[in-house]
Amino acid sequence: MSSDKPDKNDLDRARREETRAFNELEYRSQQAKEQRQQLDALLKYRKECLDGLANARDTGLTPVHVREYQLLMAHINSAVELTEIKVSACESNLEEAREQWEKKNIEYEKIRDAVIRNASPGDVPEITEPEEPFVEQYYKRDRR
3 MSSDKPDKND LDRARREETR AFNELEYRSQ QAKEQRQQLD ALLKYRKECL DGLANARDTG
63 LTPVHVREYQ LLMAHINSAV ELTEIKVSAC ESNLEEAREQ WEKKNIEYEK IRDAVIRNAS
123 PGDVPEITEP EEPFVEQYYK RDRR
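Here it is in structure tokens:
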């Protein structure tokens with residue numbers, strides 16, 4: 003804030019920061035969702051492979067086939083572990099983004115209320131809410 007009494011410029015700055023924080027929150031939310039979906043798909047695939055192995059054992063497997071299944075399961079388990087780490091990191095990033103947005107939102111609302119409170123009766127500035135935040139711009143940023 004430039005002085006004790008915030009003005010429209012302070013309000014605009016706070017709104018831009020809040021919008022940026024919201025866009026980052028949406029981006030991190032999308033990342034976390036994608037990682038969870040990938041983990042769910044891997045877990046489903048692992049279960050299908052285990053079920054297939056159980057069925058194949060009943061029909062008799064050669065030692066070569068057993069070894070191939072073991073290698074496949076080791077690979078799938080490794081992918082599951084890595085994806086679990088990614089999910090955890092994404093959820094941590096999401097929580098940080100949520101906290102940052104909440105902080106920026108509270109700051110914006112305080113400045114907005116102060117600007118309205120300090121305005122003269124006939125001179126309350128028009129406070130426009132921005133359009134829906136442009137999340138795609140942030141989403142595409144890491145897709146390149």
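This note's numbering applies: residue 3 is where the sequence shown begins, and numbers increase by one. Each residue gets a CB set at the ideal place from its N, CA and C atoms; glycine is no exception.
Following the continuous alpha helix (DSSP H) through residue i, name the residue where it begins and the one where it ends.
i     : result
Gly54 : Lys10 to Thr61
Ala81 : Pro65 to Asn120
Return no unless some Cβ of chain E is closer than 8 Å to the Cβ of residue i.
i      : result
Asn120 : The displayed structure is made up of one protein chain only, and chain E is not part of it.
Relative to the C-alpha of residue i, which residue among the options is closest?
i     : options                      : result
Ser31 : Gln72, Lys7, Val89 and His67 : Val89
Looking only at its chain, what residues have a beta carbon closer than 6 Å to the beta carbon of residue i, apart from the 5 residues adjacent to it on each side?
i     : result
Arg48 : Ile78
Ala23 : Gln102, Trp103 and Lys106
Ala99 : Glu26, Leu27 and Arg30
Using C-beta distances below 7 Å, list every residue in its chain close to residue i, excluding the 5 sequence neighbours before and after it, in chain order.
i      : result
Tyr148 : Any question about residue 148 goes unanswered here, given that the chain covers just 3 to 146.
Gln40  : Thr85
Leu63  : none
Going straight from the alpha carbon of residue i to that of residue j, what length do you get?
i     : j     : result
Tyr69 : Ile87 : The sequence given here places Arg at residue 69; Tyr does not occur at that position. Their backbone Cα atoms lie some 27 Å apart in a straight line.
Cys51 : Arg59 : 12 Å
Thr21 : Met75 : 45 Å
Leu73 : Ala81 : 12 Å
Thr61 : Ala34 : 41 Å
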